[in-house]
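Step one of this worksheet: look at the structure below.
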Amino acid sequence: MKCDERDKVMNYCPKFTVIIPVYNVAAYLAKCIDSVLKQEFKQYEVILIDDGSTDESGTICDKFAEQDKRIVVIHQKNKGLSAARNIGIENAKGEYILFLDSDDYWHDSSALNIIYSRLNVSNADILSFNYMKFCDDVFEKPYFKQDTNMPLDKLEKNSLEYQVDHDLWIACAWNKVIKRELFYQGKLYFNLGITSEDIDWCLRLALYAEKFDFIANVIVCYRQRKTSISNSITVQKMDMLIDNIEVCLSLLEKEQKIRKIDILKPYIGYQYGTAIYSMSFITNKKEYNRIMKRLNQNKDVLRWSKNRKVQMLQLVDYIGGNKLLVFLLRIKNRLNKLQ
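Following this line, the structure appears as structure tokens:
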């Protein structure tokens with residue numbers, strides 16, 4: 011979908027739209043927006059969706075918009091991350107769309123140049139890229155190995171299969187650049203009122219798009235808050251995670267392209283492995299038994315994953331069942347706390 015005639019007259023037809031949902035992140039927001047505004051590549055717009063913030067986030071958004079005409083601010087009542095992203099999609103003008111979480115930021119000023127250069131070569135529907143996690147300014151290694159750029163000879167026929175087989179296709183919206191026309195043609199909006207919303211969205215994206223690319227360049231710095239993983243995993247979130255896995259299984263059942271079904275099974279198997287690992291943080295015995303019963307209804311899905319860590323979970327589960335598996339995971343969690 012091209013820019014409309016009004017945009018052409020105004021000489022404002024951005025290559026990229028950067029969508030940033032904002033909610034109570036006053037402490038981090040300026041750094042996030044600055045990381046976009048300092049880009050060497052200038053043909054982009056930024057859409058800031060203030061999702062009913064109760065701190066100074068909305069004011070910060072407005073101040074940045076006053077300084078740069080490429081920034082659009084939308085204020086709305088709190089509706090959640092998915093709704094905020096969808097509003098951004100509906101208002102986007104760029105040929106490609108990127109998402110950026112408002113407490114994260116882009117690694118350096120060459121990010122969009124790197125992305126633009128690669129897209130000129132690959133013309134991919136979706137380009138995925140690397141990122142680094144950090145907490146209190148202490149950075150981990152890049153999530154993907156630095157030598158994992160996708161071979162250009164894989165772009166035409168086996169691009170999605172290559173990414174899934176090499177664990178490069180992950181359930182994240184913010185490590186992907188997507189052609190804007192895909193959103194409208196495939197109705198690829200985010201489902202509302204759920205957590206883990208990227209899981210089924212990334213599957214729908216993979217089912218609809220045709221040409222996929224990946225670069226190992228670190229584009230995003232992903233902030234991990236001090237709140238521990240164990241505190242962030244709740245019974246409600248576990249139920250929603252399983253809901254998303256079940257939605258994914260339903261999508262595969264309806265898919266007509268048999269080859270794509272086979273290609274994407276490992277992706278769902280990995281999400282199932284994540285759910286099993288997360289069960290080690292559920293301490294309420296009654297809820298644990300209820301949720302594990304739900305998981306066991308699709309236990310064979312674990313076998314689909316090609317990820318080595320998930321395959322280890324499968325092996326332990328085969329030897330000793332769920333109880334041994336979760337017992338060992340809880341020991342691992344305790345040892346990690348001591349480090």
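If you're matching positions, the sequence shown starts at 11 in our numbering and goes up one per residue. Each residue gets a CB set at the ideal place from its N, CA and C atoms; glycine is no exception.
Relative to the alpha-carbon of residue i, which residue among the options has its alpha-carbon at the smallest distance?
i, options, result
"residue 104", "190, 38 and 291", "190"
"residue 270", "144, 174 and 181", "174"
"residue 218", "196, 232 and 153", "196"
"residue 77", "258, 40 and 157", "40"
"residue 27", "265, 188, 221 and 259", "188"
"residue 221", "132, 151, 57 and 286", "132"
"residue 265", "214, 172, 306 and 248", "214"
"residue 54", "70, 108, 63 and 66", "108"
"residue 275", "313, 306 and 129", "313"
"residue 116", "75, 81, 74 and 142", "142"
"residue 339", "317, 325, 286 and 316", "286"
"residue 247", "297, 324, 47 and 52", "297"
"residue 125", "87, 304, 52 and 74", "52"
"residue 66", "47, 172, 36 and 336", "36"
Tell me whether the beta-carbon of residue i lies closer than 8 Å to the beta-carbon of residue j.
i, j, result
"residue 251", "residue 290", "no"
"residue 134", "residue 170", "no"
"residue 229", "residue 121", "yes"
"residue 216", "residue 179", "yes"
"residue 350", "residue 33", "With the chain covering 11 to 349 only, the question about residue 350 has no answer from this structure."
"residue 273", "residue 199", "no"
"residue 49", "residue 119", "yes"
"residue 232", "residue 146", "no"
"residue 302", "residue 254", "no"
"residue 257", "residue 210", "yes"
"residue 294", "residue 245", "yes"
"residue 192", "residue 93", "no"
"residue 140", "residue 154", "yes"
"residue 282", "residue 311", "yes"
"residue 42", "residue 110", "yes"
"residue 158", "residue 176", "yes"
"residue 89", "residue 136", "no"
"residue 84", "residue 70", "no"
"residue 59", "residue 24", "no"
Over what stretch of residues does the beta strand (DSSP E) that includes residue i continue unbroken?
i, result
"residue 235", "First-last for residue 235: undefined, no H or E at that position."
"residue 140", "136-145"
"residue 55", "54-61"
"residue 150", "148-152"
Hey, quick one: how far does the alpha helix (DSSP H) through residue i stretch, first residue to last?
i, result
"residue 43", "39-47"
"residue 171", "169-175"
"residue 187", "Not the alpha helix (DSSP H): residue 187 falls in the beta strand (DSSP E), residues 186-189."
Could you check what DSSP says for residue i in three-state terms: helix, strand or coil?
i, result
"residue 31", "strand"
"residue 327", "helix"
"residue 337", "helix"
"residue 229", "strand"
"residue 212", "helix"
"residue 224", "strand"
"residue 193", "helix"
"residue 26", "strand"
"residue 294", "coil"
"residue 247", "helix"
"residue 276", "helix"
"residue 218", "helix"
"residue 201", "coil"
"residue 265", "coil"
"residue 155", "coil"
"residue 270", "helix"
"residue 160", "coil"
"residue 349", "Bear in mind that a pLDDT of 47 at residue 349, under 50, signals an unreliable position, so the number given afterwards is only what the model happens to contain. Reduced to three states, the DSSP call for residue 349 is coil."
"residue 258", "helix"
"residue 287", "helix"
"residue 301", "helix"
"residue 317", "coil"
"residue 308", "coil"
"residue 252", "helix"
"residue 206", "coil"
Given 7 Å as the limit, tell me if residue i has its C-beta closer than that to any heavy atom belonging to the ligand SAM.
i, result
"residue 326", "Here there are no bound small molecules, and the ligand SAM is not part of this structure."
Task: Inside the region 63-133 only - beta strand (DSSP E) runs reaching at least 3 residues - done: 81-86 and 106-109
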